[in-house]
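Encoded as structure tokens, the structure appears first; notes follow it.
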Amino acid sequence: MPQQSNNLDACNPKLNATVSASAGSGKTWLLITRIIRLLIDGAEPGNIIALTFTRKAAGEMQIRLNERLFEMATAEDAEMNDLLKVIGCEPDSETKIIASGLYEKLMHSLYPIRIQTFHSFCQDILSRFPLEADIPPGFELLEDSSLLERQAWQTLFDDAGLDHQEQPDNATLNENLDFIMQVCNGPDNTRTALHNFLSHRSDWWAYTAHTPDAVDFACNELTKALQISADDAEPITTFLNDTTNQKLKVFANLLRENKNKTGDKHAHSIDQALEKETDQAIKFALIKSAFLKKDGEALAQGRKHSAALEKKLGTENTEKFLNLHIELVEQILHVNEQLKRLLSLKINKAWYFAGHHYVEIFQQLKKEMRLLDFTDLEWKCYQLLQYADNAHWVQYKIDQRIDHLLIDEFQDTNPTQWQLLSPILEEIAANPEQRPRSVFLVGDEKQSIYSFRRANPALQVQASIWLAENLNARATPLDFSRRSSSAIIHSVNQVFEQDDIKQIMTGYTTHNTYLNTLPGRVQLCELFDEDDDETELTEPIYFRNPLQQPRKISYKTLRHDEADYIARQIQHIVNTPTLITDNGQVRAAEFGDILILMRNRTHVDIYEEALKQYNIAFIGNKKGGLLDNLEIQDLNCLLNTLVTPFNNLALAQVLKSPIFSASDNDLTLLSQLKGSPHWYQRLLLQAEASKNELSKPLQRAAHLLPRWQQLAEQLPVHDCLDKIFSEGNIIERYMAANRPENKQKVASNCLCFLELSLETDSGRYPGITRFLQQLAHLKNHSESPPEEPLSQSNESRVRLMTIHGSKGLEAPIVFLADCNSSPANKNAYATLIRWPANQSQPTNFQLQLSKDNTDQITLKLQQEKLNEQKREELNLLYVALTRAREQLYISGTANNRKQENSWYQVIANGLECITQPDTTVSGINCRVYEHLSYNTATQIEKSLNTAPECSTTVDERLLKPITNFPVKDFILAPSLVTDEYKPEHPLTKNDIQKTIPDLAKWRGTIIHKVLEQLCNSRIYPAAIDNINAIQSRLNTETLLDKPNYIDHLEECIEEAVSTYNHNDLQTIFNPATELQTYNEMPLMYLDKSEASEKYQSVYGVIDRLIKSENEILIIDYKSHHIETSDPSPAAAQQFSTQLAYYIEGVKNLWPGHNVKAGVLFTQRQEVVWLT
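Using numbering that gives the first Met the number 0, you'd call the opening residue of the sequence shown number 0 and step up by one each time.
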């Protein structure tokens, strides 16, 4: 076994090392440290190559390297000493000079450090040696092959069609496809079987490499593996000889003597098989039904020795009956097994032939288009380095540029990648004295979760052994977490150190953490189950008019209950607020600190809907969600309208969308116009005849659509869309039509759609029709449709992710949802491949059939694969649990199937001895393990008083307060020019306190905040939970920002809530649902001054605006203290100047609407309308 060493030994550039790094233990830091040590030691940047598996990981490694080198370049002498000691370097003067210059050296290096993905590495090699690799020079990379796969599939069936039967191979293809259809029960499973063959084509190439006929070789190998000889060709005929037939007749007679219905039925089956049936297969099936159950087990009822049986048959006949049963069952089982093996061989022969033909078609299509996909990159590079005529010369050329090889996430390596790395490693091992060279591998078998991408974690062990034997590499374990609290790590140990789990997840070692003082919490919620005591209310039976009343269908499931619990728990965490530690500082948790993990995307909609109901901002995880968004569908319809203007349905959607914002009356008008049956022509004719009779949206459409139609004929799709976005103000119009929390998302989606138009045909001037075809393909057929872009908004959002997608990420608070479900067995019609880590090619490659048709030899191979899948399932659970830094919440739903090995049961069994019973925020039973906790008041005070010390000298002039200069005449804020409220009577002492400038301003801000949040909640009247949540947030903010005003907070909130709930103000805070409302709406426009006749910019924020079809209401909140005897209209009149500016601006936005403005005094819960 490889020799073990401490952590920093693995960074020593003079040593080769393999690192087994547990989750959060700092493996990326170790890898970057190794690179820095190599640079300090004098290695040339261009001779260092670091490989990983995703572009994101490669980019992150590059950023971290640059940051650490920049830190060294700007460090003071004492700081540099610490930085060098941390990485295991002696801080002598020469080393410090070298380290401080590394950043500049790297920036000016002609050949920088290569931090690449495996595929990028292969692409570089093939680009340098295209002729040697037998690929077209200047090839392009195909990232999404789904369209070509569809074309290949169509060509495959065209070749098998009747029109091509004159060619022998096509006739054979037809027969084989027909047989596959029969055995696989239809076209869907046939497509699955052949698509799996195509997906594993590199395994097929490796399995059949260097053979003259790939299909014949595979058939012969499978024949040997299934132990089929020439004598086994007709097992039924061999079985049904005269001797066996005589025994069957004797057995049937004995069954009749037994005198029961089941025995008579089985005797009849035997008689029918022997006397009437001629088809051998049917004959055997009838005989088999008399001896075996449907699951293949031998019949036992009535076939065992008993006193009753002996009484009926006699002692001698009973013994004869039982012996015959045992003997015939053994023979039938043997024949049944032989039939399964023959079927497996026959179907695989057909699958090999059709699959090989399918792959050849697919490869030819790519060759004609000068394309290579990711599989081609790996395979062609592997062949180039292993078997090409110039392989040694190519290895020599590559070897000159690689002195130091570092590989991250090695557990995700597939066999092809390992085989192409082997020649490079052998060259490094061949001449160790020639020049300083090294190899560094880091990975974690416990985090291997990508077997569907052919990853094989056993390769990490194999690579470690090979490096230890050939390069004296040292093995370094990393089991101390730098990410998770003690509560999380202890819980992980409890789960994975169970005896039954350790038998599957071998090699697990006890984890520890450097964050022992960090508070942590693990909460296991009780399974959501049906309430047995709940009695359903029976509704009276009545007749429903289906034209007027929809059918009431409840779609609520247990998973909805779980999603509701998660949303409420998140709301409670943020509102309480729960404290977390961020870069050494304690702060309140936000939505962005929370991560929800799921096994797959199947039920993500349910969790997203629950978050929406509680107004929790989130980033979703829908696959291909971009094209499902309404704004993208509108833009798709717009492009359809430009190329097919007589599509009335598409035009109607475009007109109704925010692009034109036509009303229902506008569409009704178009539908009623006489003349052409096409709405587009009606619109243009009406615009020419009587333009003024059309509404402004329709006038705008009649003006822009013909122009955009001309652009569509002249420009490529991207340039055309760019013009449309600019002239139509598309993004701004969509943002204005959406709720505040969706504005950034909509803008990002529109920009992503614009970028997508550049990707069609590599941007080679595609037309709109081609782009629309590409969109249809991406939506309906692509395996990787375009995802929604991440919003650029600074708003804190909960993240929903699959566990596979969360690899490499972390969060202070993690929810692990749907833990009680188990993955379905999807082995039927999948490819069964066995490629041992120590072999250069697979030892088995075959199609798996349904359980009933699987032979014992294949079943044994399947069991080995199932064991590997169980291990990967536990790996997936390990990855999920170790994403959490401080808090972990686990939940699941009960179901009828036995879930003894579900994640929930595994976790529950492991945590049983360390958790205590508790209840959740929803009153649901749970078990909790907690290690340390925050003291809220103490921690907030501590965070206020522990500002980081600054050693930098600060210029005293920067400490002086900034003078407030008067507002220039070119910018005007209405609230700044409004006359302040002046009471007519003296104020009391309490009133004077409320008018202190700072306190009054703070009161106004708080009341405005509360009213805004209540309006955004869309719950009327205000719910207690919502009020408490707002109060908790504001309480934390006030303690942090204005602790002296904390005594006034409750009064401000009470005033705002009373205003919101007041019956006389219901039309303002609870308007009809069809009305549009805006809160804290910014407004800016140019206004011409009557005095100077100059334009000035007017800027303001309208507290609340309510827009109906013909009227707009402006409401401005005022929290001023008003003397009881002062009349409200007089007080409101003092703000008329401010509201006049607002009215003018709103009229510019919505011309033609009647605008009405009023002042709402929160103290009196009264609104005064000024116009």
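Even for Gly, the Cβ is constructed at its ideal location relative to N, Cα and C. Keep in mind it's a predicted model, so treat the numbers as computed, not measured.
Annotation for Tyr928: no alpha helix (DSSP H) segment contains it, though the beta strand (DSSP E) segment containing it runs 924-930.
Excluding its 5 nearest sequence neighbours in each direction, Leu141 has C-beta neighbours in its own chain below 6 Å: Leu370, Asp372, listed in chain order. Per DSSP, Cys524 is one residue of the beta strand (DSSP E) stretching across 519-524. Within the region 687-734, the alpha helix (DSSP H) runs of at least 4 residues that lie entirely inside it are, in chain order, 695-713, 716-726. Met800 and Leu594 do touch by the CB rule: their CB atoms are close to 7 Å apart, below 8 Å. No beta strand (DSSP E) of 3 residues or more sits fully in the region 251-307.
Non-local beta-carbon contacts of Thr191 in its own chain, meaning distances under 6 Å to residues more than five positions away in sequence, involve Tyr828 in chain order.
Per DSSP, the unbroken beta strand (DSSP E) holding Ser437 starts and ends at 437-442. In the three-state reduction of the DSSP assignment, Glu142 falls in the coil class. In summary, His209 is exposed, with fewer than 16 beta-carbon neighbours lying within 10 Å of its beta-carbon over all protein chains present. Per DSSP, the continuous beta strand (DSSP E) segment holding Gln845 begins and ends at 843-846. Look at the beta carbons and you see the region 268-287 not touching the region 299-306: under three pairs across the two are nearer than 8 Å.
For Thr51, the uninterrupted beta strand (DSSP E) segment begins and ends at 47-51. Apart from sequence neighbours up to five positions away, the residues of its chain that approach Gly674 with a beta-carbon distance below 8 Å are Gln680, Arg681, Leu684, ordered along the chain.
Look at Ala353 here: in three-state DSSP terms it is helix.
When rounded, the separation of the alpha-carbon atoms in Gln416 and Ala387 is 17 Å. A Cβ-Cβ distance of about 6 Å is found for the pair Ile723 and Trp707, placing them in contact under the 8 Å criterion. Residue pairing by DSSP places Ile1113 opposite Leu1104, Ala1156 in a beta bridge. Secondary structure of Pro111 (DSSP, three-state): coil. Taken in chain order, no unbroken stretch of beta strand (DSSP E) lies wholly in the region 52-90 with a span of 3 residues or more. His356 sits buried, since 16 or more C-beta atoms from the chains shown fall within 10 Å of its C-beta.
Annotation: the region 1039-1064 contains the following complete segments of the alpha helix (DSSP H) (minimum length 4 residues), in chain order: 1048-1060. Straight-line measurement puts the Cα of Leu221 at about 8 Å from the Cα of Gln845. Taking 4 residues as the shortest admissible run, the region 609-675 contains the following complete alpha helix (DSSP H) segments, listed from N- to C-terminal end: 629-642, 647-655, 663-671. Of the residues assessed, Phe752 falls on the buried side of the cut-off, its CB having 16 or more other CB atoms within 10 angstroms.
Exclusion of the five residues before and after Pro456 leaves Gln410, Glu444, Ser447 as the residues of its chain whose Cβ lies within less than 6 Å of its Cβ. Secondary-structure assignment with DSSP links Phe479 through a beta bridge to Asn511. Phe156 has its alpha-carbon roughly 36 Å from the corresponding atom of Thr236. If you keep only unbroken alpha helix (DSSP H) runs of at least 4 residues inside the region 338-416, you get 373-385, 390-398. By the Cβ neighbour-count rule, Met106 is exposed, with fewer than 16 other Cβ atoms within 10 Å of its own. The beta carbon of Asn599 sits closer than 8 Å to the beta carbons of Thr801 from its chain, once the five residues preceding and following it are set aside; these are given in chain order.
Taking C-beta separations shorter than 6 Å and ignoring five residues to either side along the sequence, the partners of Ser145 in its chain run His780, Ser781, Glu782, following chain order.
Per the Cβ contact rule, the region 740-760 is in contact with the region 614-631 (3 or more Cβ pairs under 8 Å).
For Leu404, the closest C-alpha among the options Leu1038, Gly1003, Gly45 is that of Gly45. Each of Asn664, Trp834, Ile618, Leu815 was checked against the Cα of Val745, and the nearest Cα belongs to Ile618. Beta bridge pairing from DSSP links Gln584 with Asp581.
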